[in-house]
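Number of protein chains: 2
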Amino acid sequence: MTRAYVHGYDPRENCRLQDQAKTLVDLLHSDTGYPAGSRVLEAGCGVGAQTVTLARNSPGAHIISVDISEQSVAQAEQSARAAGLSHVRFQQADIFNLPFDPQSFDHVFVCFVLEHLKEPGVALRALKKVVRPGGTVTVIEGDHGSAYFYPDSAAARAAIRCQVDLQARAGGNALIGRSLYPLLVTAGFQDVRVSPRMVYVDAGRPELADGFTKKTFTAMIEGVRESAIAHSLMAPELFDQGIQDLVRTTEADGTFCYTFFKAFGTVV
Amino acid sequence: MTRAYVHGYDPRENCRLQDQAKTLVDLLHSDTGYPAGSRVLEAGCGVGAQTVTLARNSPGAHIISVDISEQSVAQAEQSARAAGLSHVRFQQADIFNLPFDPQSFDHVFVCFVLEHLKEPGVALRALKKVVRPGGTVTVIEGDHGSAYFYPDSAAARAAIRCQVDLQARAGGNALIGRSLYPLLVTAGFQDVRVSPRMVYVDAGRPELADGFTKKTFTAMIEGVRESAIAHSLMAPELFDQGIQDLVRTTEADGTFCYTFFKAFGTVV
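Chains as they are written, first to last, in my numbering: chain A, -8 to 259; chain B, -8 to 259.
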């Protein structure tokens, strides 16, 4: 059959990024590439989960990746070397007390970091100081309150809430995605723009059902099981039911939705 | 300043549909246009809220718009005439008992209809019968469980839940968006594809703050105030607080998220 539409394009192709992203990496990173020669700071690289992608998408940039944990930095460096990347330098550093001159970077990249900080706004101000006027910040964060699914399940929703509560007790914010716009504006960035990146999973997208719903999101919620029980946030049986119900959404008639937020700001 | 990125495009431009939609009409309808000469059935046109857009985007198609309410059809016809549309015919008809020959349409379009039906799957099967092999169905529905916002508010969430509960009591499903994929597959459509259409609103998108958050979503929730109170679902003061908190999300530091689902299926 043919599908000839008046506008000359298939309606199914219209929102490429969300609809066709085969992996989370595509969805979050494919549109971040920094020019050759630019100086880029990756703040809070952890064990380098995002560093390899960042570096591959910006082959000519000079990247410095920092993390507060000496051990994580060492692991990140090892991953980068294993991936054959030579244009990334690693260094232990505290975002709140950066060992860099003011305006010494063209761009800052921050991914899955602010959600863990008690004072994300203070961190953004500290990062802003090391960016030259005209430079940019790019921030990517999730938002666990954006998760919903079919079949719906009160147990699954409660298990997710355990993760949100535990992260809040630790001083973080698992719902930070929705507040990136005011965070960047308040920190003094200009021309702030937020681009939501929704992950939608159904049986027509088996890579995402396995790679995202099961192995990323559900695995992360499952990771707080012992803490949730220890803090009496949820009965073990109900928590396990919640996990089972999340996995249930990857069956042939299930769907799963989650949204990441990618924010851009300019330094003036 | 310049923003030169390696990939040669501005990262801010990447998800055009979601990021740049100025209005709900763009976001939901801009990619639906049927070829000249094709026979299109709009099922459940109501008072014609979507008919004018549908018809404008398919100027050469032969459109028949039906609704179960004689009165609504009359209103829809009036709107279409006022808009100068001559290629739409209106007719009172019941989706579950359509007065059309089998396979007499090339395409069926259904927008904000299934959410009100007790048996949306039966409706889809009835619609499938009047589409020729190789023809398509397009379905657009919302999902009120996809709404979240900043600042978060328990009162606002409870007010939204009132609407969801009341719609469920009336036999409908305000959370139907997330289940379009299994609904279309179960009804026997092939090559089913669902495209989420997320509305993201912050102070950088004032048209949407006014046109969507306030005048569309909040107004709709406010519309169930009397029923919610009559059914003792929520105290009046708390409900009003919830509405106030939804409006609060349109202030300079607020954000609001909602997702519509657009589904496509083919008849074989």
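Don't be surprised by glycine CBs; every beta carbon is placed ideally from N, CA and C.
In this text, all values refer to a predicted model and were calculated from it rather than measured experimentally.
- Under the three-pair Cβ rule at 8 Å, the stretch 227 to 246 of chain A does not count as touching the stretch 111 to 120 of chain A.
- For SER56 (chain A), there are no C-beta contacts with chain B under 8 Å, since the nearest C-beta of that chain is about 18 Å from it.
- By the beta-carbon neighbour count (other beta carbons within 10 angstroms, threshold 16), ALA46 (chain B) is buried.
- From the beta-carbon of GLY39 (chain A), no residue of chain B is found nearer than 7 Å; the closest lies around 20 Å away.
- THR177 (chain B) is not bridged by DSSP to any residue.
- Rounded to whole angstroms, ALA147 (chain B) and MET225 (chain A) show a C-alpha spacing of 25 Å.
- Inter-residue distance for THR209 (chain A) and ASP85 (chain A) is about 31 Å (C-alpha atoms, whole angstroms).
- Fewer than three beta-carbon pairs drawn from the stretch 225 to 240 of chain A and the stretch 174 to 188 of chain A are found closer than 8 Å, and the two stretches are therefore not classed as touching.
- Taking each of B:HIS222, B:SER223, B:ARG216 in turn and checking the Cα distance to ASP231 (chain B), the smallest one comes out for B:ARG216.
- Here DSSP, grouped into helix, strand and coil, assigns GLN82 (chain A) to strand.
- Residues of the stretch 223 to 254 of chain B whose Cβ lies closer than 9 Å to any Cβ of chain A, in chain order: ALA243, ASP244, GLY245, THR246, PHE247, CYS248, THR250, PHE252, LYS253.
- The C-alpha of LEU118 (chain A) is placed about 10 Å away from the C-alpha of VAL258 (chain A).
- Under the Cβ criterion of 7 Å, ARG169 (chain A) is counted among the residues facing chain B.
- For GLY233 (chain A), the enclosing alpha helix (DSSP H) has its first and last residue at 227 to 239.
- Taking GLY195 (chain B) as reference, the option from B:PHE81, B:PHE247, B:VAL99, B:ARG30 with the minimal CA-CA separation is B:PHE247.
- Minimum Cα-Cα distance from SER63 (chain B) among the listed residues B:VAL122, B:VAL128, B:ALA40, B:GLY75 corresponds to B:ALA40.
- For the C-beta of GLY162 (chain A), not a single chain B residue is nearer than 7 Å; the gap to the nearest is close to 18 Å.
- One finds nothing in chain A with a Cβ atom closer than 8 Å to the Cβ of VAL16 (chain B); even the nearest lies about 14 Å away.
- Of the residues A:GLN158, A:ASP97, A:PRO197, the one whose Cα lies closest to the Cα of ARG123 (chain A) is A:ASP97.
- Taking a contact to require three or more Cβ pairs closer than 8 Å, the stretch 138 to 152 of chain B and the stretch 68 to 77 of chain B do not qualify as touching.
- Assignment of LEU108 (chain A) by DSSP, reduced to helix, strand and coil, places it in the coil class.
- Counting C-beta atoms within 10 angstroms of its own C-beta, HIS222 (chain B) has fewer than 16 neighbours from the protein chains shown and is therefore classed as exposed.
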